[in-house]
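Going by the working numbering, the first residue of the sequence shown is number 132, and it counts up by one from there. The C-beta atom is built at its ideal place from N, Cα and C for all residues, glycine as well. Every value quoted in this text rests on a predicted model; they were computed, and no experiment measured them. Down below is the structure, laid out as structure tokens.
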Amino acid sequence: MARMYDLRQKEVINTSDGTRFGFVDDIELCIKTGKVIAIIVPGPGRLLGMFGRDQEYRIGWEMIHKIGDDIILVDCFTSKVLIEHEV
132 MARMYDLRQK
142 EVINTSDGTR
152 FGFVDDIELC
162 IKTGKVIAII
172 VPGPGRLLGM
182 FGRDQEYRIG
192 WEMIHKIGDD
202 IILVDCFTSK
212 VLIEHEV
């Protein structure tokens with residue numbers, strides 16, 4: 132059984148295009164069932180990441196193909212999982 136801490140130690144890599152998203156920052160849970168709906172990975176930073184991030188990758192649990200010892204392999208369209216935060 133994986134814990135949130137264990138997931139945060141793993142790098143997320145897209146198998147369809149080789150994109151390295153980064154490391155898991157958060158998870159999205161269904162309150163009713165307690166199941167993980169998605170993993171959240173910080174998006175690309177602005178100005179070398181100095182002023183925070185206004186985007187993140189929201190990768191649905193169904194897009195995860197394999198959780199290994201140090202990586203999580205996903206299959207998705209990068210543009211479809213990158214979401215913008217409304218300011």
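So V212 is in the alpha helix (DSSP H); what residue range does that whole segment cover? Sequence index remark: in the sequence shown, residue 212 carries index 81 (1-based). Start and end: 209-212.
Could you tell me how far apart the beta carbons of I190 and I170 are, in whole angstroms, since I believe they sit closer than 8 Å? On the sequence shown, position 59 is the one that residue 190 refers to. On the sequence shown, position 39 is the one that residue 170 refers to. A Cβ-Cβ distance of about 5 Å is found for the pair I190 and I170, placing them in contact under the 8 Å criterion.
According to DSSP, simplified to helix, strand and coil, what is D151? By 1-based counting over the sequence shown, the position of residue 151 is 20. Here residue 151 is Arg; the residue named in the question, Asp, does not match the sequence. The three-state reading of DSSP puts R151 in strand, counting E and B together.
Over the uninterrupted alpha helix (DSSP H) stretch that includes D137, give me the two end residues. Start at 1 with the first residue of the sequence shown, and residue 137 comes out as number 6. Taken as a continuous stretch (DSSP letters only), the alpha helix (DSSP H) holding D137 covers 135-139.
G199 Cβ short of 7 Å to the ligand NAD heavy atom set: By its list of ligands, the structure shown contains no ligand whatsoever, and the ligand NAD lies outside what it can speak to.
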